[in-house]
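So the sequence shown is residues 205 to 568, counted in the working numbering.
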Amino acid sequence: MLLARPAASLRRTPPLVKGLFVVRNKSGYVQKTVIPTFHFQKSLTRLPIPSLDDTLNRYLLAVQPVVSANEFDATKRAVEKFRKQDGPELHAALVERDNASPETSYINKWWFDMYVQDRQPLVINVNPQIKIKDDPAPEKNTQNQRAASLIASSVRVFRTLRDRHLEPDIFHTKPNYSKTSAFNTFCKFLPESVSFYGAAALGAYPLDMSQYKNLFHSTRIPGVGQDKLELFPDSKHIVVQYGSAFYKFNVLKDDGTAVADADILAAIDSILKNRPAESAAALGVGLLTTLPRDDWARARTALVQSDTVNASSLHDIDSALFMVRPIYTKKANVWVGDAGAHRARVPGCHFPHLFARRRGQPLV
205 MLLARPAASL RRTPPLVKGL FVVRNKSGYV QKTVIPTFHF QKSLTRLPIP SLDDTLNRYL
265 LAVQPVVSAN EFDATKRAVE KFRKQDGPEL HAALVERDNA SPETSYINKW WFDMYVQDRQ
325 PLVINVNPQI KIKDDPAPEK NTQNQRAASL IASSVRVFRT LRDRHLEPDI FHTKPNYSKT
385 SAFNTFCKFL PESVSFYGAA ALGAYPLDMS QYKNLFHSTR IPGVGQDKLE LFPDSKHIVV
445 QYGSAFYKFN VLKDDGTAVA DADILAAIDS ILKNRPAESA AALGVGLLTT LPRDDWARAR
505 TALVQSDTVN ASSLHDIDSA LFMVRPIYTK KANVWVGDAG AHRARVPGCH FPHLFARRRG
565 QPLV
């Protein structure tokens, strides 16, 4: 049977060869913020729960334009009944739920569960896609240079975030006051418990950055009924998928600094030169990740249980800082969806394009 065979073995690249590379950055960081990255997190204001009356009145305002007069009268009667009977009890339960989680919003878990419990394929339905513009310099648009540049730059972003040199996300309503060195110094010395209010007083509103923890070394593991996110904070490697083969190499040294850009380029060159010949029998394990989530969860379980190589390989993929796939230019018509329902057809596409997956929203 297909799933009984080793399906996701990782191939190590030959020893790295030094070479020239175009990206240069002496600090190794993309930013060096004055205000610590997560300085505002502890004092962010919480999403308030509107009163029951306000919620019901807003509901009626939203319904009125889309129903007939008779339907609206019936809706008003139902709303008034709810306001007097079940509404107060349910509202009290909502307030109690909110009080039990002072560190977050009352709606946060429901919002999160909405995504991880969605059983549709992630492709198109959830995963974002971006197209990278060509560099004005033609020599930088070769597949190896572009992949190496993307990897090296992503590692710099990771190290900047990890070492808390990334600037906090702030919505500036008065940039003349808040986008200044004086503002940065002022906020830096505010206690974290009140830092949000100090920034807001000057028209700058810090935004929640809690999801940044899933930007790297994080993956979405499929499960029957519900997926889960897992973090791998000690990860030092990335995975490159080329055809049906997967390659792993480190982009961080033991001390946490980045490997040389030239080493990344050499690793990419080695992968592009040593890719095994494709055949009709090649096991394209990546296609399984486009299945409805329950189907992929069952297939993944079978893969893990079938062979220790599969289990180890999937762990290497899951724990990567991020994953990259070079361009594979074979044309095909692609259907994405569940047994004909809610499917999308992508005619004559070139797939897959070069991308680095955000590990919190991966295909795997």
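Note that the Cβ used here is the ideal one computed from N, Cα and C, for glycine as well. On a predicted model such as this, the values are computed, not experimentally measured, just so you know.
Between the Cα of residue i and the Cα atoms of the options, which residue gives the shortest distance?
{"i": "LEU419", "options": "PHE526, GLY291, TYR401", "result": "PHE526"}
{"i": "THR423", "options": "ALA405, LEU507, HIS369, ASN331", "result": "ASN331"}
{"i": "LEU251", "options": "GLU275, VAL299, SER231", "result": "VAL299"}
{"i": "PHE242", "options": "LEU433, PRO496, ASP412, VAL361", "result": "ASP412"}
{"i": "VAL428", "options": "THR505, ALA282, LEU256", "result": "THR505"}
{"i": "ILE253", "options": "ILE311, ARG497, LYS288, VAL238", "result": "ILE311"}
{"i": "ASP458", "options": "LEU507, ASP438, VAL238", "result": "ASP438"}
{"i": "THR249", "options": "PRO306, GLN289, SER255", "result": "PRO306"}
{"i": "ASN478", "options": "PHE276, SER448, PHE387", "result": "SER448"}
{"i": "PHE362", "options": "GLY460, VAL283, ASP498", "result": "GLY460"}
{"i": "HIS369", "options": "SER510, ASP511, SER231, THR512", "result": "SER231"}
{"i": "ASP367", "options": "THR308, LYS417, THR512", "result": "LYS417"}
{"i": "LYS576", "options": "MET318, LYS378, GLN333, THR308", "result": "Nothing can be reported for residue 576, as the shown portion of the chain is limited to 205 through 568."}
For residue i versus residue j, is the C-beta distance shorter than 7 Å?
{"i": "GLU371", "j": "GLN235", "result": "yes"}
{"i": "SER576", "j": "CYS391", "result": "No answer is possible for residue 576: it lies beyond the span of the chain, which begins at 205 and ends at 568."}
{"i": "PHE436", "j": "SER523", "result": "yes"}
{"i": "VAL267", "j": "THR279", "result": "yes"}
{"i": "GLN430", "j": "GLN321", "result": "yes"}
{"i": "ASN348", "j": "ASP338", "result": "no"}
{"i": "ILE468", "j": "ALA356", "result": "yes"}
{"i": "THR494", "j": "PRO240", "result": "no"}
{"i": "ILE472", "j": "TYR446", "result": "no"}
{"i": "HIS376", "j": "ALA341", "result": "no"}
{"i": "THR364", "j": "TYR233", "result": "yes"}
{"i": "ASN388", "j": "VAL238", "result": "yes"}
{"i": "HIS295", "j": "LEU265", "result": "no"}
Report all residues from its chain with a CB closer than 6 Å to the CB of residue i; omit the five preceding and five following residues, and keep chain order.
{"i": "LEU492", "result": "TRP500, ALA503"}
{"i": "ARG452", "result": "It should be pointed out that residue 452 corresponds to Lys in this sequence rather than to Arg. Correct list, in chain order: LEU214, HIS441, VAL443, ASP520."}
{"i": "VAL359", "result": "VAL455, ALA462"}
{"i": "PRO410", "result": "PHE244, PRO372, ILE374, PHE400, ALA403"}
{"i": "TRP315", "result": "none"}
{"i": "GLU293", "result": "none"}
{"i": "LEU394", "result": "GLY402"}
With DSSP as the reference, label residue i as helix, strand or coil.
{"i": "GLU284", "result": "helix"}
{"i": "ASN348", "result": "helix"}
{"i": "GLN415", "result": "helix"}
{"i": "PHE276", "result": "helix"}
{"i": "ARG360", "result": "helix"}
{"i": "TYR446", "result": "strand"}
{"i": "ASN454", "result": "strand"}
{"i": "ARG262", "result": "helix"}
{"i": "PHE242", "result": "coil"}
{"i": "ASN252", "result": "The question names Asn, but residue 252 is Pro in the sequence shown. In the structure shown, PRO252 sits in coil (DSSP, three-state: anything other than H, G, I, E or B)."}
{"i": "LYS432", "result": "strand"}
{"i": "ARG368", "result": "coil"}
{"i": "SER422", "result": "strand"}
{"i": "ALA524", "result": "coil"}
{"i": "PRO530", "result": "coil"}
{"i": "ALA408", "result": "strand"}
Excluding the 5 residues flanking residue i on each side, which residues of the same chain have their C-beta closer than 8 Å to its C-beta?
{"i": "ALA351", "result": "VAL444, ILE472, VAL528, PRO530, LEU558"}
{"i": "LYS432", "result": "VAL320, ARG424, ILE425"}
{"i": "PRO496", "result": "ARG323, GLN324, PRO325, ASP542"}
{"i": "SER382", "result": "ILE374, HIS376, ALA403, LEU406, GLY407, ALA408"}
{"i": "ARG287", "result": "LEU256, ASP257, LEU260"}
{"i": "VAL283", "result": "LEU260, TYR263, LEU264"}
By Cβ distance, which residues of its chain are closer than 7 Å to residue i, with the 5 residues on each side in sequence left out?
{"i": "PHE225", "result": "Caution is warranted here: a pLDDT of 39 is assigned to PHE225, below 50, making its placement in the model unreliable, and no coordinate value can be reported."}
{"i": "VAL271", "result": "THR279"}
{"i": "PHE276", "result": "VAL267, GLN268"}
{"i": "HIS186", "result": "Here the chain has residues from 205 to 568 only, and residue 186 is not among them."}
{"i": "ALA304", "result": "none"}
{"i": "ASP302", "result": "ILE253, TYR310"}
- request: Jot down the residue ranges of each uninterrupted alpha helix (DSSP H) in the stretch 463-513, minimum 4 residues, whole runs only, in chain order.
  value: Taken in chain order, the whole alpha helix (DSSP H) runs of length 4 or more contained in the stretch 463-513 are 465-477, 497-510.
- prompt: What residue ranges within the stretch 296-341 form continuous beta strand (DSSP E) runs of no fewer than 3 residues, ordered along the chain?
  reply: Look at the stretch 296-341 and you find no whole run of beta strand (DSSP E) that is 3 residues long or longer.
task: Enumerate, from N- to C-terminal direction, the unbroken beta strand (DSSP E) stretches of 3 or more residues contained entirely within the stretch 368-398.
output: Entirely contained in the stretch 368-398, the beta strand (DSSP E) runs reaching 3 residues are, in chain order, 374-376.
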